[in-house]
């Protein structure tokens, strides 16, 4: 399913995007050495409920997971990169933490992810991974415009990641959003320009580069959800929800403090 939002729905999407961004902004400030992943999940729950919104994850039960997910946010640490199931783990100095949040407000979904290093340590490899995904995210968003193909966005992302020396997994990637969290079109993190669905104004897409330091192979935890690098290497993940506009793209998941 591909949804094209009306101007009224787009206004609601801006509110949802701002909420998701502000929650992630608050969580990245609160996630410190000694924080438990279950605390982060509870903080996310409190902020979602207080805003009158709904989590897209609690009842999420796709074919690839062991559902329902049962939590409010994905918390992926170090070699975990996607769908990290919150569990009883206390963050340590130097941990690489990725937070992925999708929320529905007034019937419209927004989805975003950030990666950060916890504490005072600044491992060079971790910082390089985060930087690569952020640059790939910016490149992908820069390729979003009416008439552009999904392959143009995928190629822009993949070019940055490959030039940074990383192998790219195309199994999981970006996607359309709207009244539900995961819609068509699928936006792989590498691809051929000019191929695929042509973007239209009113379309919302989640652009989400993620990468692993020395592999493109994933393994699934015993919890049935958490996806890790097959080699145990570190990973990073960055994501924004973007609206296709008449003349380009609007990032919906920027924190309000950055919009002034």
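Residue numbers (this note's numbering): 3 to 262. Ideal Cβ placement from N, Cα and C applies to all residues, glycine included.
Inset, instruction - Would you mind stating whether residue 79 and residue 86 have Cβ atoms separated by less than 9 Å? - result: Numbered from its first residue, the chain shown carries residue 79 at position 77. Numbered from its first residue, the chain shown carries residue 86 at position 84. Yes, they are a contact pair.
Legend entry - Extent of the continuous alpha helix (DSSP H) to which residue 146 belongs: As a first step, residue 146 is located in the chain shown; it is residue number 144 there, counting from the start. Per DSSP, residue 146 is not a residue of any alpha helix (DSSP H), being assigned neither H nor E.
Inset, instruction - Measure the C-alpha to C-alpha separation of residue 185 and residue 206 and round it to an integer number of angstroms. - result: Position 183 of the chain shown, counting from 1, holds the residue named residue 185. Position 204 of the chain shown, counting from 1, holds the residue named residue 206. Just so you know, the alpha carbons of residue 185 and residue 206 end up roughly 10 Å apart.
Inset, instruction - Using three-state DSSP, classify residue 2 as helix, strand or coil. - result: In the structure as shown, the chain starts at 3 and stops at 262, and residue 2 therefore has no counterpart that could be examined.
Inset, instruction - Note down the Cα distance separating residue 251 from residue 25, rounded to an integer number of angstroms. - result: Taking the chain shown and counting its residues from 1, the one referred to as residue 251 is at position 249. Taking the chain shown and counting its residues from 1, the one referred to as residue 25 is at position 23. Rounded to the nearest angstrom, the two C-alpha atoms are 22 Å apart.
Inset, instruction - May I have the straight-line CA-CA distance separating residue 222 from residue 154, to the nearest angstrom? - result: Indexing the chain shown from 1 puts residue 222 at position 220. Indexing the chain shown from 1 puts residue 154 at position 152. Approximately 30 Å, taken between the alpha carbons.
Inset, instruction - Can you say whether residue 241 is buried or exposed, counting buried as having 16 or more other CB atoms within 10 angstroms of its CB? - result: Here residue 241 corresponds to residue number 239 of the chain shown, with the count starting at 1. With a 10 Å radius around the Cβ and a threshold of 16 neighbouring Cβ atoms, residue 241 comes out buried.
Legend entry - Bounding residues of the beta strand (DSSP E) (the contiguous stretch that carries residue 207): Numbered from its first residue, the chain shown carries residue 207 at position 205. That run of the beta strand (DSSP E) goes 206-209.
Inset, instruction - Identify whether residue 178 lies in helix, strand or coil by the three-state DSSP scheme. - result: Locating residue 178 in the chain shown gives position 176, where the first residue counts as 1. Residue state, collapsed to three classes: strand.
Inset, instruction - Could you pull the start and end residues of the beta strand (DSSP E) that residue 77 belongs to? - result: Indexing the chain shown from 1 puts residue 77 at position 75. From DSSP, the beta strand (DSSP E) with residue 77 extends over 76-79.
Legend entry - Close-in-space but distant-in-sequence residues of the same chain around residue 14 (CB under 6 Å, 5 per side omitted): Along the chain shown, one-based indexing puts residue 14 at 12. Taking residue 14 as the centre and dropping the five residues before and after it, the same chain places the C-beta of 108 and 110 closer than 6 Å to its C-beta, in chain order.
Inset, instruction - For residue 46, collect the residues of the same chain with a Cβ closer than 7 Å to its Cβ; drop the 5 residues on either side in sequence, then sort them by chain order. - result: If you number the chain shown from 1, residue 46 lands on position 44. Closer than 7 Å at Cβ, skipping near neighbours: 25, 29, 74, 75 and 103.
Legend entry - Opposing strand residues paired with residue 241 [DSSP bridges]: Taking the first residue of the chain shown as position 1, residue 241 is located at position 239. Residue 241 pairs with 115.
Legend entry - Beta-bridge partners of residue 56, as assigned by DSSP: Counting from one through the chain shown, the residue named residue 56 turns up at place 54. BP columns for residue 56 point to 106.
Inset, instruction - Using alpha carbons as the reference points, say which of 213, 191 and 178 lies closest to residue 201. - result: Taking the first residue of the chain shown as 1, we reach residue 201 at position 199. Residue 178 is the option with its Cα nearest to residue 201.
Inset, instruction - Could you give the DSSP three-state label for residue 45: helix, strand or coil? - result: Here residue 45 refers to the residue found at position 43 of the chain shown. The DSSP-derived three-state label of residue 45 is helix.
Inset, instruction - Put residue 169 into one of helix, strand or coil per three-state DSSP. - result: By one-based count along the chain shown, residue 169 stands at place 167. Here residue 169 sits in coil by DSSP.
Legend entry - Cβ distance (whole Å) where residue 129 is taken to contact residue 116 below 8 Å: For the purposes of this step, residue 129 is taken as the residue at position 127 of the chain shown. For the purposes of this step, residue 116 is taken as the residue at position 114 of the chain shown. Not a contact, Cβ separation roughly 14 Å.
Legend entry - Beta-carbon proximity list for residue 264, same chain, < 8 Å, skipping 5 on both sides: Any answer about residue 264 is impossible in this case: the structure gives the chain only from 3 up to 262.
Inset, instruction - Go ahead and label residue 270 buried or exposed: buried means 16 or more other beta carbons lie within 10 angstroms of its beta carbon, across all protein chains shown. - result: Residue 270 lies beyond the residue range present for the chain, which begins at 3 and ends at 262; the question has no answer from this structure.
Inset, instruction - Note down, in chain order, each residue of its chain lying with its Cβ closer than 6 Å to the Cβ of residue 175, except the 5 sequence neighbours on either side. - result: On the chain shown, position 173 is the one that residue 175 refers to. Taking C-beta separations shorter than 6 Å and ignoring five residues to either side along the sequence, the partners of residue 175 in its chain run 189, 190 and 191, following chain order.
Legend entry - residue 94 vs residue 170 beta-carbon contact at 9 Å: For the purposes of this step, residue 94 is identified with residue 92 of the chain shown, where counting begins at 1. For the purposes of this step, residue 170 is identified with residue 168 of the chain shown, where counting begins at 1. In this structure, residue 170 does not lie closer than 9 Å to residue 94 by Cβ.
Legend entry - Start-to-end residues for the alpha helix (DSSP H) that takes in residue 25: Residue mapping note: residue 25 aligns to position 23 of the chain shown, counting from 1. Counting along the chain, the alpha helix (DSSP H) containing residue 25 begins and ends at 9-32.
Inset, instruction - Go ahead and pull the three-state DSSP assignment for residue 141. - result: Here the question's residue 141 lines up with position 139 in the chain shown. It is helical.
Inset, instruction - Quick one: measure Cβ to Cβ for residue 213 and residue 134, integer angstroms, because I've assumed they're closer than 8 Å. - result: Position 211 of the chain shown, counted from the start, is the residue given in the question as residue 213. Position 132 of the chain shown, counted from the start, is the residue given in the question as residue 134. Indeed, because the Cβ distance is near 6 Å, the residues count as touching under 8 Å.
Legend entry - Residue range of the unbroken beta strand (DSSP E) whose run includes residue 84: Indexing the chain shown from 1 puts residue 84 at position 82. That run of the beta strand (DSSP E) goes 82-84.
Inset, instruction - Drop a sphere of 10 angstroms on the beta-carbon of residue 197, count the other beta-carbons inside from all chains shown, and report buried for 16 or more, exposed for fewer. - result: Residue numbering aside, residue 197 sits at position 195 when the chain shown is read from its first letter. By the neighbour-count definition (other C-beta atoms within 10 Å, threshold 16), residue 197 is an exposed residue.
Legend entry - Element boundaries [beta strand (DSSP E), containing residue 222]: For the purposes of this step, residue 222 is taken as residue 220 along the chain shown, with counting starting at 1. Counted as a single uninterrupted DSSP element, the beta strand (DSSP E) harbouring residue 222 occupies residues 220-222.
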